[in-house]
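Notes for the one structure printed next.
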Amino acid sequence: TDPLTLRWPSADLPRSLDPAKTILDAVLRKGIKTLDRLEGHYSLVLYQERTKKLILQSDPLSSVCLYVAQNGSNIAFSTLMSPLLKTGYFPKALNETTIAEYLTLHSETQYSRATNTIIDSISLLPPKNRWTFEVDGKYYEQIQRPELDKITDSTLAIKLFRKTLDQVIHESTQHSVKTGIMLSGGLSSTIVGGLLSTQSREVYSYTQVPLFIPNKIPTNINPDEESLVKAFIPYHLNIHPAFESSKGSSAYTILDRYLDCLESPYTDFINSHWINSISQRAVNEACDDLVCANFGSTTLSFGSFESAASELFYGFHWITLWKELKHRHQRTNLSKFKIMIPILLRSLPHQLSQILQPNIRNKSEVHTIINPDFYKRMKMNKSHNHLRKTSAQSQTLPLRKQLNSMRSDTVLSRIGAVNTKMSLAYGINIFDITFDSRLVDLVKSFPPTAFVHNGVERRIAREGFDDVIPSEISINEKEGYQGFDFIYRLLPHWSEIRFELNIALNHPLIQRYFDIPRLKKALELTTYPDPNDYLNPEVHLLMKTLILYHYFLKWEKYP
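Numbering (the working numbering), first residue to last: 752 to 1310.
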């Protein structure tokens, strides 16, 4: 039977059927186009032609072990959370259900990347267990698994996190001859870079340099972290820095290349130009791995003072809160009331709604490009309400609930899938050290004081790694943001973008499923967008439309 016509998974198939073999057979029989017939969240086993090795990249948060695709001289094997083949008995074609699924980002959450291990044969894939380790190609269970549910000492928790992160970095990159890292000036990124450096290896860092900085940005945001990286490099002389401006590149110029890397087409990937540039540069410089720390804010550098203070206030722990405010005042020179009043103003509406109407629905306007009639008929409001509610309330939840909420966010799932698909596209192992399952398990078990204590927010990063990062970074409380030049980069191509959008708005699929009056109005309002208005909602809506238009055109080629 042709593997592509199998209804998979199916009750009438033997339990022992190897999904990797099924898809590999399909690749061998149908060729590279098999990749275009797969849908879902990927994790990866990448075969590198240059080294003749397989790199196992296992998914940390599901019970599925992973294996598929082919790109040039690289071949990868992957199972999917919901492996649907788009031909045969189980077609996955453009229809109202699948379009609704994509437009609402409604899919099973799955994350990419735990540890990676070089293996000689796909038959040697390890059992799916987060606490296994490899010695000479054989896999063993750890003798003593930490009693995660019993961690109460925050100082011990920080030490345990440091030890575990060291182990994760070693295991993940031990076979790498040349390691690259996407290095910003933030806590997570510099800590990972520093630990890579201390493990006696040459590290090649790549830092984004913005082409434009708007005239009005939030005071707590750092739009250009180049100076912090330059302050960090002298502490680690075996890190070889490179600064990438990606001049002439934008989310539009590489749109078609990125379509295969976007897990959901309903997104304008504002930093795609930069990741594209440094991924290509890392490949050209013969790096085996390209490490990032995108999820560090949910593990390594998690814990905002605002969330902790809100939790203490509404939990009636006012004595502890007063002590924290006193310490915070000493660190920031702001009065206790100036610190606390904005926190209460932001969190009070949510707290009142939970007390007065715990089941209240978010009835605010849906900021979307979807045709209202189609939106209503397909009952997409439920998914959008959930996504909007999760995003709006994330900063007002208790720390532990906030951890779980952030890790179930669809954005994290998308970014993990992008890393996996980028690995395949470039033939280099792109992964995130900070979202290893062991780190996730640890921080979920930590007491709140491990994250915020004595006025120190993001305590794990600031107190557990003071020997790795300089004081300029450890005391810096501004958050880095690498997207302020998004519109500025689009401007040289804006007339071309508008021309293509006018064509897109007359396409049958766009007219049927999209809110055409709203999009035409957005087009009228953006004759030449202001680069200082980096969050311009009309520009973002139009770019989403253009990405989906290209995506639909691709699907028409492979019905």
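Note that the Cβ used here is the ideal one computed from N, Cα and C, for glycine as well.
Please classify S1225 as buried or exposed, where buried requires at least 16 other C-beta atoms within 10 Å of its C-beta. buried
As assigned by DSSP and simplified to three states, the class of F1053: coil
With three or more beta-carbon pairs closer than 8 Å as the criterion, would you say the stretch 1074-1085 touches the stretch 1199-1210? yes
Does T1278 come out as helix, strand or coil in the three-state DSSP assignment? coil
If you draw a straight line from the alpha carbon of F1197 to that of F1067, how long is it in whole angstroms? 21 Å
Where do the ends of the alpha helix (DSSP H) carrying V919 lie? S905 to T924
Confirm, please, whether the CB-CB distance from G1178 to V1034 is below 8 Å. yes
Per DSSP, what are the beta-bridge partners of T1185 in this structure? Answer by DSSP bridge pairing: none, since T1185 is not bridged.
Measuring alpha carbon to alpha carbon, tell me which residue in Y1232, L1274, C1038 and I1298 is nearest N1022. Y1232
For I990, collect the residues of the same chain with a Cβ closer than 7 Å to its Cβ; drop the 5 residues on either side in sequence, then sort them by chain order. G944, S948, V954, S956 and I984
What is the rounded straight-line gap between the Cα of N1287 and the Cα of F1235? 11 Å
Based on Cα-Cα distance, which residue from E1057, G937 and Y1003 lies nearest to I972? G937
Helix, strand or coil, according to DSSP, for S935 in the structure here? coil
Burial state of V1042 (16 or more Cβ within 10 Å): buried
Excluding the 5 residues preceding and the 5 following P842 in the sequence, name in chain order all residues of the same chain whose CB lies nearer than 6 Å to its CB. Any reading at P842 is ruled out, since the residue's pLDDT is 32, under 50, leaving its predicted position unreliable.
Enumerate, from N- to C-terminal direction, the unbroken alpha helix (DSSP H) stretches of 4 or more residues contained entirely within the stretch 1019-1066. 1023-1035 and 1056-1065
Per DSSP, cross-strand counterpart(s) of G1231: N973
Taking the continuous alpha helix (DSSP H) assigned at E1247, which residues delimit it? W1245 to A1255
So, is L1276 buried or exposed, given that buried needs 16 or more other C-beta atoms within 10 angstroms? exposed
As assigned by DSSP and simplified to three states, the class of A993: strand
How about S927 and A1044: are their beta carbons less than 8 Å apart? no
Does DSSP classify V1219 as helix, strand or coil? coil
Buried/exposed call for Q698, threshold 16 Cβ in 10 Å: Here the chain comprises residues numbered 752 to 1310, so residue 698 is not present and cannot be evaluated.
Are the Cβ atoms of I920 and L946 separated by less than 8 Å? yes
Within 8 Å, strictly: CB atoms of R1269 and I1120: yes
Beta-carbon contacts of A1255 that lie in its chain and below 8 Å, excluding the five residues immediately before and after: I1261, T1296, L1297 and Y1300
To the nearest angstrom, how far is it from the Cα of K1127 to the Cα of G999? 41 Å
Restricting to Cα atoms, I'd like to know which of E1214, D1124, S1055 and N966 is closest to F912. E1214
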